[in-house]
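Enquirer:
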Amino acid sequence: MSMISNHLPTAELQALDAAHHMHPFTCNSELSQKGARVITRAKGVTLTDSDGHEILDAMAGLWCVNVGYGRDELADVAARQMRELPYYNTFFQTTHVPAIALAQKIAELAPGDLNNVFFAGSGSEANDTNIRMVRHYWAMKNKPSKSIIISRHNAYHGSSVGSGSLGGMSGMHAQGGMPIPDIHHINQPDWWADGGELSPKEFGLQRAQELEKAILDLGEDRVAAFIAEPVQGAGGVIVAPDSYWPEIQRICDKYEILLIADEVICGFGRTGQWFGSETLGIRPDIMTIAKGLSSGYAPIGGSIVSDEVASIISKGEFNHGYTYSGHPVAAAVALENLRILEDENIITHVKDVVAPYLAEKWQALVGHPLVGEAKIVGLMGSIALTPNKETRAPFEAEVGTVGYICRERCFANNLVMRHVGDRMIIAPPLVISTDEIDTLIARARTSLDECHEILKEKGLI
Ligand code: PMP
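Position 167 (the sequence shown) corresponds to 1584 in this note's numbering; numbering is contiguous.
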């Protein structure tokens, strides 16, 4: 058995980590100089690191720990399921109770005729399923030329070759031969960065109409689907102007384009309803889910599919699936997580209590000299840092320099807040209390003040 444990000194853990562990989305050589932060345990919204710091996790891990850390019920269900049936597959005409029960529960919670679930192990895998499913759907309908999926620049849909291609992250596309063919990207509805002199309403319409233009340019007979996050998460919590989504819905309806809502972040309560599509008035044909489905306690994702799409796919064999599709332990944990969300009225707590409370304090950050705009939907928010609120100018320093400085101040003040370029973003666990929101805001303000001082010292402002 390995002798590596929480009791080793931090420096020793860091050295071992640097020697053998390649971190995702990280410059590993830089990290090995600095040493990774070692998280040892967590409870509620609070992480503890190997030096004993107690850190408020305003990112719910990676936007996933919706019910908060340290829920014994989830550990108990996992242990019970592992003893009873740790694994069996759902291929070859077999099934098991956790997969049946979870699919039924998801169908009950999902809006409209989204009554069918194809399970995956993660959001990336689920979006890979979606690529194949929408193309296969049109092929089954004798329209095999409809294979192009339209997405958006700066979208995030995962990191596999397929889902990374769907996403619009230029840094990802620059490595490893992405995007795959027949993925087309239009511009994102980021009014702060790109809106220029247009009003948010005009800009939202203009960006939505890029979808119509793309469909007409590419040919209606070539386009299979449009995919988007109801609120762009990893792109910087970009909230589209109100005019955007109704226009997107109109265009998808008009041209018979399948609409895929990537609910990996927005799903399971983050926006104050079960799904972001409900909050934003979207009627998707397919939803991608992961993260909050199990609150991150077990890896599981999936696609929730409309009766119409499922009926076509189900006519023949869909040659697709993962060893861990509907994994019994992950499914049992997810089901228990949904029970907790429901029985403890956590989504009502978001909608009626903490989202309005946080929104007021978050929006007040615009009074800070560095903050240009503050956006928030439910419990996902962002602030844009700027040297000039009037012109919405970026900093002269390379994009992300200021965001990084701010994030480092947050860490130093025991707050996990992430930066995307020079936007700071939050997505705390849904169980956060109003007192904890006060702490979050106080630490964010201190960090912004310290960042402001550093920028002055460095002559960056
Ligand atoms: N879609 C969205 C909207 C996401 O935010 C993410 C993860 N951040 C994914 C898909 C990919 O999920 P995973 O990391 O579980 O593969």
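Ideal Cβ positions, reconstructed from N, Cα and C, are used throughout, including at glycine. Computed from a predicted structure; not experimentally measured.
Roughly how many angstroms separate the alpha carbons of P1515 and G1784, rounded to a whole number?
Expert: Each residue's alpha carbon lies about 49 Å from the other.
Enquirer: In angstroms with no decimal places, state the Cα-to-Cα distance between T1818 and G1876.
Expert: Inter-residue distance for T1818 and G1876 is about 13 Å (C-alpha atoms, whole angstroms).
Enquirer: Quick one: what's A1459 bridged to in DSSP?
Expert: DSSP output for A1459 lists L1464 as bridge partner(s).
Enquirer: Give the single residue among K1560, M1834, I1706 whose Cα lies nearest to the Cα of D1636.
Expert: Asp is not the amino acid found at residue 1636; the sequence shown has Gly there. Minimum Cα distance to G1636 is reached at K1560.
Enquirer: Distance, Cα to Cα, S1582 vs I1548?
Expert: 10 Å
Enquirer: Taking only runs of the alpha helix (DSSP H) that begin and end inside the region 1525 to 1573, which ones reach a length of at least 4 residues, in chain order?
Expert: Taking only runs of at least 4 residues, the alpha helix (DSSP H) segments lying wholly in the region 1525 to 1573 are 1540 to 1557.
Enquirer: In its own chain, which residues sit with a C-beta less than 6 Å from the C-beta of L1464, not counting the 5 before and 5 after it?
Expert: I1456, I1472, D1474
Enquirer: Could you give the residue range of the alpha helix (DSSP H) that holds H1437?
Expert: 1427 to 1437
Enquirer: In chain order, what residues of the same chain lie with their CB nearer than 8 Å to the CB of T1511, ignoring the 5 residues before and after it?
Expert: Y1505
Enquirer: Determine whether the beta carbon atoms of A1572 and Q1649 lie at a separation below 8 Å.
Expert: Going by C-beta atoms, A1572 is nearer than 8 Å to Q1649.
Enquirer: Just to confirm my understanding: we take I1854, look at its own chain, exclude 5 residues before and 5 after, and list those with CB closer than 7 Å. What are they?
Expert: Within its own chain, the residues whose Cβ lies closer than 7 Å to the Cβ of I1854, once the five positions on either side in sequence are excluded, are V1771, Y1774, L1775, K1778, listed in chain order.
Enquirer: Starting from R1840, trace the beta strand (DSSP E) in both directions and tell me its first and last residue.
Expert: Here the beta strand (DSSP E) through R1840 covers 1840 to 1843.
Enquirer: Taking a cut-off of 7 Å, which residues have a beta-carbon closer than that to any heavy atom of ligand 1, in chain order?
Expert: L1479, W1480, S1539, G1540, S1541, E1542, N1544, Y1573, H1574, G1575, S1576, S1580, E1646, G1650, A1651, D1679, V1681, I1682, T1705, A1707, K1708, G1718
Enquirer: Of all the beta strand (DSSP E) runs that stay within the bounds of the region 1626 to 1690, which reach a length of 3 or more residues?
Expert: 1640 to 1645, 1675 to 1679
Enquirer: Tell me which residue opens and which closes the beta strand (DSSP E) that A1801 is part of.
Expert: For A1801, the enclosing beta strand (DSSP E) has its first and last residue at 1797 to 1802.
Enquirer: Suppose the cutoff is 6 Å on Cβ atoms and the five residues either side in sequence are ignored; what does the same chain contact list for I1793 look like?
Expert: Taken in chain order, the residues that qualify are A1776, W1779.
Enquirer: To the nearest angstrom, report how far apart S1562 and R1552 are at their CA atoms.
Expert: 9 Å
Enquirer: Please state if the CB of H1869 and the CB of P1786 are separated by a distance shorter than 8 Å.
Expert: Yes, the Cβ-Cβ distance between P1786 and H1869 is below 8 Å.
Enquirer: Report yes if the C-beta distance between H1682 and A1844 is below 8 Å; otherwise report no.
Expert: The sequence given here has Ile at residue 1682, not His. Yes. Within cutoff.
Enquirer: Which of the three DSSP states, helix, strand or coil, is assigned to G1585?
Expert: coil
Enquirer: Here's the rule I'm using: 16 or more other beta-carbon atoms within 10 Å means buried, otherwise exposed. How should V1816 be labelled?
Expert: By the neighbour-count rule (16 or more Cβ atoms within 10 Å), V1816 is not buried but exposed.
Enquirer: Near I1668, which residues of its chain fall below 6 Å by C-beta distance, leaving aside the five closest residues on each side in sequence?
Expert: L1628, E1629
Enquirer: Check G1718 in the structure and name its three-state DSSP category.
Expert: strand
Enquirer: For the alpha helix (DSSP H) holding V1746, just list the boundary residues, first then last.
Expert: 1745 to 1760
Enquirer: If you drop the 5 nearest sequence neighbours on each side, which residues of the same chain put their C-beta closer than 7 Å to that of P1701?
Expert: L1676, I1677, A1678, S1694
Enquirer: Which residue's Cα is closest to the Cα of G1698: V1640, P1647, Y1714, K1708?
Expert: P1647
Enquirer: Go ahead and label N1604 buried or exposed: buried means 16 or more other beta carbons lie within 10 angstroms of its beta carbon, across all protein chains shown.
Expert: exposed
Enquirer: Within the continuous alpha helix (DSSP H) that includes V1794, where are the two ends?
Expert: Looking at the DSSP string, V1794 is not in any alpha helix (DSSP H); the run it does join, the beta strand (DSSP E), is 1788 to 1794.
Enquirer: Are A1651 and V1462 close, meaning C-beta to C-beta below 8 Å?
Expert: no
Enquirer: If you draw a straight line from the C-alpha of L1796 to the C-alpha of M1834, how long is it?
Expert: 13 Å
Enquirer: At the level of alpha carbons, what is the spacing between P1716 and A1749?
Expert: 11 Å
Enquirer: Within the same chain, show all residues whose beta-carbon is closer than 6 Å to that of F1536, passing over the 5 residues directly before and after it, in chain order.
Expert: The residues are G1719, S1742, G1743.
Enquirer: Buried or exposed for M1418, going by 16 or more other Cβ atoms inside 10 Å?
Expert: For M1418, the predicted structure reports a pLDDT of 49, less than 50, and the residue's modelled location is therefore unreliable. A value from the coordinates is still provided. Exposed, since its Cβ has fewer than 16 Cβ neighbours within 10 Å.
Enquirer: Pull the bridge partners of S1723 from the DSSP assignment, please.
Expert: L1531
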